[in-house]
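Quick notes on the structure that follows.
In the UniProt record's numbering, the protein residues as written are 1 to 328.
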């Protein structure tokens with residue numbers, strides 16, 4: 001029944017996002033994860049410090065939660081810098097609109113604050129979670145990097161790396177430091193691993209944690225081990241960084257700050273996110289205008305009750321102005 005669907009327990013973790021017919025309950029998620037709501041005062045402060053209007057994703061509440069963003073702004077106001085860290089798990093040939101959200105917003109942050117950026121391509125994660133070969137995940141990482149580069153990041157301030165190619169040295173040293181601080185029970189509690197999960201999955205979280213620490217990149221931040229990090233990401237990535245923030249002071253590092261977004265809803269409805277695992281759920285950057293029209297019109301015909309909400313997410317993209325007359 002509908003009531004049963006609405007009361008279906010939502011699942012939000014880095015590998016699964018699902019909810020009942022009412023869609024994701026973001027208030028519940030904020031309470032569950034323990035992050036803070038991004039309020040109007042904080043958005044206004046970002047605008048004041050950057051001397052530019054807040055990004056449309058901020059104005060429209062697409063980025064809606066944070067962890068210690070105020071501390072990053074405090075430092076910036078005192079004339080100190082920070083760096084940005086975001087990433088992508090390459091499991092498809094091209095990025096879809098949901099993938100673009102954090103990259104478009106990170107581009108704005110880099111331009112507004114004029115700070116360095118590291119972008120992690122977790123090809124190793126996709127090998128561990130998907131039925132893909134090492135060679136295929138490395139190839140997909142290269143393909144995805146092209147879409148990421150096309151977002152227009154500052155080439156002088158941006159470092160893009162894949163785990164298979166970069167992990168080692170100081171980066172690996174930090175991974176081991178993190179791993180020793182997190183018990184098996186703790187990682188199961190955070191990520192929900194089961195006895196059937198192989199040890200590769202259990203050992204992966206430190207890989208995504210340590211780009212939060214500048215000492216993982218000695219060629220970029222040598223001698224600046226206390227530089228603060230701000231991570232723009234979707235809220236399903238929060239478990240990684242709850243773990244990271246818990247461990248950081250114990251190994252002599254600063255806690256990373258986060259600014260977190262809602263999910264771009266799948267074409268099938270708001271009870272899940274756009275996912276590369278289901279090509280029919282997503283609009284890809286490689287889709288033609290005709291393909292986008294077909295997908296959007298299909299959603300209009302099949303899911304009228306959620307269509308207005310879906311349009312809310314499409315409006316910030318440039319292609320929307322060219323197709324809206326034919327789909328509204």
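Glycine included, every Cβ here is placed at the ideal spot set by N, Cα and C.
No experiment lies behind these values; they were computed from the predicted model shown.
Residue nearest to residue 148 within the set 273, 65, 101 is 101 (criterion: CA-CA distance). Out of 151, 134, 177, 261, the CA that lies nearest to the CA of residue 59 is found in 261.
Around residue 208, the same chain offers 240 as residues with beta carbons nearer than 6 Å, after the five sequence neighbours per side are excluded.
Residue pairing for residue 272: DSSP places it in no beta bridge. Beta-bridge annotation (DSSP): residue 13 is paired with 16.
In the DSSP secondary-structure assignment, residue 119 is bridged to 86, 160.
Taken through DSSP and simplified to helix, strand or coil, residue 37 comes out as strand.
Here residue 83 is not near residue 233, since their CB atoms are 9 Å or more apart. Per the coordinates, the alpha-carbon of residue 188 lies some 15 Å from the alpha-carbon of residue 33. Between residue 12 and residue 236, the C-beta spacing is below 9 Å. Taking a 10 Å sphere around the C-beta of residue 66, we find 16 or more other C-beta atoms and assign the residue as buried. By the C-beta density criterion, residue 41 is exposed, having fewer than 16 other C-beta atoms within 10 angstroms. Of the residues assessed, residue 256 falls on the buried side of the cut-off, its CB having 16 or more other CB atoms within 10 angstroms. Nearest C-alpha to residue 21 among 73, 186, 57, 266: 266. Three or more Cβ pairs drawn from the stretch 102-122 and the stretch 130-150 lie within less than 8 Å of each other, which places the two stretches in contact. Under DSSP, residue 230 takes part in a beta bridge, and its partners are 84, 257. The alpha-carbon of residue 27 is positioned some 23 Å away from that of residue 71. The beta-bridge partner set that DSSP reports for residue 63 consists of 261.
Going by beta carbons, residue 128 and residue 198 fall inside the 9 Å limit. Taking C-beta atoms as the reference points, residue 116 and residue 49 fail to come closer than 9 Å.
Nearest C-alpha to residue 282 among 288, 78, 273, 64: 273.
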